[in-house]
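What follows is one structure encoded as structure tokens, with my remarks underneath.
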Amino acid sequence: MLSVQQVGKTYGTFHALRDVTFSAQGGEVFGLLGPNGAGKTTLLRILATLLRPDSGQAQVAGFDITRDPEAIRARIGIVNGGMGLPARLTGREVLQSFARLYGLTRAQTDARITELDDRLELGRTLDTRAGEYSTGMKQKVVIARAVIHDPPVLILDEAASGLDIFARRTLLDFVQASRAPGRLTVYSTHVMSEVEEVCDRVAILHGGALITLGTLNGILDATGERTLERAFFALVRGQPTGGAHV
Amino acid sequence: MSDRAARRGLRRAMVWEVAARDLLATLRDRRTLNATILMPLILIPLFTLGFPLMLGNFIGGQQQERQTVGVSGPLPAPLRAALERDETLPDGTVVRAGVTLVPVSDPQAAVQSGDVDAALRVPETLPDRAGAGQGTLELHAKLGNLRAQTGAYSKVTDVIEGYNRTLAVQRLGEQGLNESVLQTVTVKPVDASTSQEQRSGQLAFLIPMLMLQFILSGAVATAVDATAGEKERGTLESLLVSPVRRAEVVAGKLLATTLTALTSAAFSVAGFLLSGLAMRLYLQRQPDATAALTGGMGGQLTLDPGSLLALLGIAASAALAISALLIAVGIYARTFKEAQTYVAPISLMVVLPAVMLQFADFLNFGLGIYAVPVIGGMLSILETVRGAAVPSHALIAIGANLLSALLLGLLALRSFGREEVIFRN
């Protein structure tokens, strides 16, 4: 479902990613953990075909990111903490517009909106203009927009950032409930507790490099720590805190 | 990343979906609607009808009004009487009021203080018959002041001219000659302007500027919101990870921006036509000097179908070129505010040539100027509203605008494909 081989990315003299290699399968929630500046967003933007890798290659949903970006974009949904909504459109109008971009019929769109309304508790948000949304309401519609076409690969990048406790709970429940055979969710965050709750496997990025990959219990066993946070500090101790300069 | 995809062509449904989204956002923005629709309908009649009407009334009103003229020194009684006399129609209607003469000791100071509208200083006794020497009469007035020039100053100079003529005719009569000996050859001016040129008015040069300015202001709101605004809100990224191709994103945004700009242009043309209609109705009721002044300044825009087509073609192509420029520039900005500072100098692109258009009658550019995007279009619009449209000029201007739109569109497409532009924040 997702295969990343020695992917590297440089911004000027700054190494944002260095030879990152891993794979993830359908049916799992794959955690991408790392502090700010670790390279998580760069990696996910490469997988979403928004950025071009300087080295290495990757396949998403069976398609190569450089050869078939359009096919990949039709099969992924992405949410990041910085994504917003057009202030003068209602949630329903945003969802309908994106549904048309993904080629859904009107009946399919209506059915999908009803389903997402139920799962994400959108309610009145759907018919309110986005400019009037709270952060939580906005993020729910952003998530609904990302999954309007029911993509096999869902990428969530710091999706819970800035959410209140209720909206965060709705998001984590949604991720749990979205777990299905053939569907991969990549959950990127710097919040350890979120990873502990929803992820089956975790890759830890630090300074643009992948420093470990495994199940939660596997990482705890390997580091001899009791929590993921302690394990993280044990793993990154002595390593540079950001992407290295060339 | 999407260069290969971009070359696969445009899917109309996708382009329209992107455009519809931007148009809906524009339609729901009251400030943009005001700038696009209301402003052309208010400002254009104001410029082409309101100001000339006001000036016409001011200047015409001066004729009926009695101005105060100071006098220092002895003024011949017939001249004094001529200055004070009203010109009236047989029914008693005052066509041109005389002036009120008041004594002043210092004419210059009296005018400068505003006590009088003009002042006469008679340094010596003036001759009271032609041939009995020459006298000089100083006329003090604020010569750069339109009110003084069209009021007291003009009345006094007219009366003195008439007084000189009367004295000359009296002297000729004594010699057994009549007035015709003063004018052996007369000049009869015949206006060679086309009827539309005559009607277009002295303010016609404003029309291209106003049209282009409204195209620009209509386009700016949508272009900036659809580029830098989308980046700032974080909505551009979600659009770029959908199956829509970069070329379709650019084409959709270009379509939305051009349609908004054209809406503004259409309302500006409507504003001109309404002004022309209102002016015609007004002038029918005011067959006097005021009407002539107003008409001469503001003009009446009446277009035959060919001219209207040329005007629309130029406006549409200019809208496309300006929209492409705004999108190419707007996508570089990180925020809506930053984009506004980038696009602000673009208005100079319209204003500076418009200033030059005032002197269009003195300038001979050759065909090359029509190939300069936007500027060529402005010249061609001016020719069209003056009824002197040259089809080849209009076609060159349209071609230049379309070519620049294509090049700028490609530049915008390149920018939408560049990571450092899209993620410049």
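One line per chain: the protein sequences are A and B, in this order. With the working numbering, letter number 213 in the first sequence gets 213, and the count goes up by one each step, no holes. Just so we're on the same page, the working numbering is the position in the second sequence counted from 1, plus 1000. Idealized CB from N, CA, C, for every residue including glycine. This one's a predicted model, so the numbers in the text were calculated from it and none came from an experiment.
Asked: Interface residues of chain B facing A/Tyr133 [CB-CB closer than 8 Å]; Found: Result: empty, since nearest Cβ-Cβ is about 12 Å, beyond 8 Å.
Asked: DSSP-derived helix/strand/coil call for B/Asn1164; Found: helix
Asked: Chain A residues whose Cβ lies nearer than 9 Å to that of B/Arg1245; Found: Glu70
Asked: Whether B/Ala1236 touches B/Ala1324 by CB criterion (8 Å); Found: What sits at residue 1236 of chain B in the sequence shown is Leu, not Ala. No, Cβ-Cβ distance for B/Leu1236 and B/Ala1324 is not below 8 Å.
Asked: Closer than 8 Å to chain B by CB, A/Ala74; Found: yes
Asked: C-beta contact flag for B/Ile1215 and B/Ala1319 at 8 Å; Found: yes
Asked: Within 8 Å, strictly: CB atoms of B/Tyr1163 and B/Pro1078; Found: yes
Asked: Boundaries (first-last residue) of the beta strand (DSSP E) holding A/Ala16; Found: 14-24
Asked: B/Asn1401 (DSSP reduced to helix, strand or coil); Found: helix
Asked: Inter-residue Cα distance where the pair is B/Ala1006 and B/Ile1381; Found: Caution is warranted here: a pLDDT of 46 is assigned to B/Ala1006, below 50, making its placement in the model unreliable, and the coordinate value is therefore given only provisionally. Cα to Cα, the separation comes out at about 36 Å.
Asked: A/Ala61 beta carbon less than 8 Å from that of A/Ile155; Found: no
Asked: Three-way DSSP call (helix, strand, coil) for A/His190 in this model; Found: coil
Asked: Beta-ladder partner(s) of A/Ile204, from DSSP; Found: A/Leu33, A/Thr212
Asked: Test item: CB-CB of A/Leu235 and A/Arg226 under 8 Å; Found: no
Asked: Residue-level contact to chain A via CB, B/Ala1035, 8 Å cutoff; Found: no
Asked: Own chain partners of B/Gly1330 with C-beta closer than 6 Å, once the 5 adjacent residues on each side are dropped; Found: Ala1223, Val1224, Thr1227, Ala1228, Ala1339
Asked: Buried/exposed call for B/Leu1143, threshold 16 Cβ in 10 Å; Found: exposed
Asked: Rounded Cβ spacing between B/Ala1315 and B/Met1211 (contact assumed at less than 8 Å); Found: 6 Å
Asked: Residues in the stretch 1212-1239 of chain B having any Cβ partner in chain A nearer than 7 Å; Found: Arg1233, Gly1234, Thr1235, Glu1237, Ser1238
Asked: Per-residue burial, B/Glu1230 [other beta carbons within 10 Å of its own, 16 or more giving buried]; Found: buried
Asked: Cutoff 8 Å: B/Ser1415 Cβ touching any chain A Cβ; Found: no
Asked: Coarse secondary structure for B/Gln1134, derived from DSSP in three states; Found: coil
Asked: Which listed residue (B/Leu1046, B/Ala1247, B/Val1385, B/Glu1179) has its alpha carbon closest to that of B/Leu1309; Found: B/Val1385
Asked: Residue ranges of each alpha helix (DSSP H) within the stretch 112-175 of chain A, 4 or longer; Found: 135-146
Asked: Residues within the stretch 1006-1031 of chain B neighbouring chain A, beta-carbon criterion of under 7 Å; Found: Met1014, Glu1017, Arg1021, Leu1024, Ala1025, Arg1028, Asp1029
Asked: Residue interval of the beta strand (DSSP E) (run including A/Tyr11); Found: 2-11
Asked: Secondary structure of B/Pro1305, DSSP reduced to three states; Found: helix
Asked: Buried versus exposed, by CB contacts within 10 Å (16 or more), B/Arg1021; Found: buried
Asked: Residue range of the alpha helix (DSSP H) that includes A/Asn80; Found: Unbroken run through A/Asn80 is the beta strand (DSSP E), 76-80; no alpha helix (DSSP H).
Asked: Stretch-stretch touch, CB-based, cutoff 8 Å, three pairs: the stretch 186-200 of chain A with the stretch 115-122 of chain A; Found: no
Asked: Under 9 Å from the C-beta of A/Leu50: neighbouring residues of chain B; Found: Met1001, Glu1237, Leu1240, Val1241, Glu1419, Ile1422, Phe1423
Asked: Closer than 8 Å to chain B by CB, A/Lys143; Found: Going by the sequence as given, residue 143 of chain A is Ile instead of Lys. It does not: the Cβ of A/Ile143 has no partner Cβ on chain B nearer than 8 Å.
Asked: Within-8 Å CB hit, A/Pro86 to chain B; Found: yes
Asked: Members of the stretch 98-120 of chain A that neighbour chain B once the beta carbon cut-off is set at 8 Å; Found: Phe98, Arg100, Leu101, Tyr102, Gly103
Asked: Delimiting residues of the alpha helix (DSSP H) encompassing A/Arg45; Found: 40-47
Asked: Contact set for A/Lys265: own chain, Cβ-Cβ below 6 Å, skip 5 residues either direction; Found: A question about residue 265 of chain A goes unanswered here, because the residues of chain A that appear run from 1 up to 246.
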